[in-house]
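Remarks on the structure that follows.
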Amino acid sequence: MSDDKKRIPDMTSYEEIADFWDTHSVADYWDETEPAEFELDDNARRRYLVPLDRDLLARARRLALERGVSTESMVNLLLEQRLNQLETAG
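Right under this line is the structure:
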C-alpha cells in the first residue's frame, strides 16, 4: 500500500460503513483485508417487496435514524410488535 493511501477508518454503524464503501473501492484497501469464513442460512430471512405509503416510509426512516438502526430493522421491529399485540388480543 502506498504511503499516501489512508487506512480503513473505524466505523461504528452500518450507515457509516455503507457511506464509506459507496465512495471507496475495496481494491484500494485489499492489503488490509483478512480471509473470513462464514455460513449463510437461507432460512434466516426472506425479502418481500411491499408497497408503502410515502408518509409511513418517511416516519419509519425517521424513527430508524433516531434509534441508529436501519429502516429495514425498524420496519421488522414495528411489524413484529404489532403482530404480537394482535395475537395477544386474540
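For the sequence shown, the positions run -6 to 83 when the working numbering is used.
In this text, a Cβ means the ideal position worked out from N, Cα and C, and glycines have one as well.
Can you list, in chain order, the residues of its chain whose CB lies under 8 Å from that of residue i, leaving out five sequence neighbours each side?
{"i": "serine 66", "result": "Ala57"}
{"i": "methionine 4", "result": "Ile10 and Phe13"}
By Cβ distance, which residues of its chain are closer than 7 Å to residue i, with the 5 residues on each side in sequence left out?
{"i": "glycine 61", "result": "Ser6"}
{"i": "threonine 64", "result": "Ala53, Arg54 and Ala57"}
Since residue i contacts residue j with CB under 8 Å, what's their CB separation in whole angstroms?
{"i": "glutamate 25", "j": "arginine 0", "result": "7 Å"}
{"i": "proline 89", "j": "phenylalanine 13", "result": "Outside the modelled stretch of the chain, which goes from -6 to 83, sits residue 89, for which no answer is possible."}
(Q) Runs of 3 residues minimum, wholly inside the region 5 to 67: which ones carry the beta strand (DSSP E) assignment? (A) Correct list: empty.
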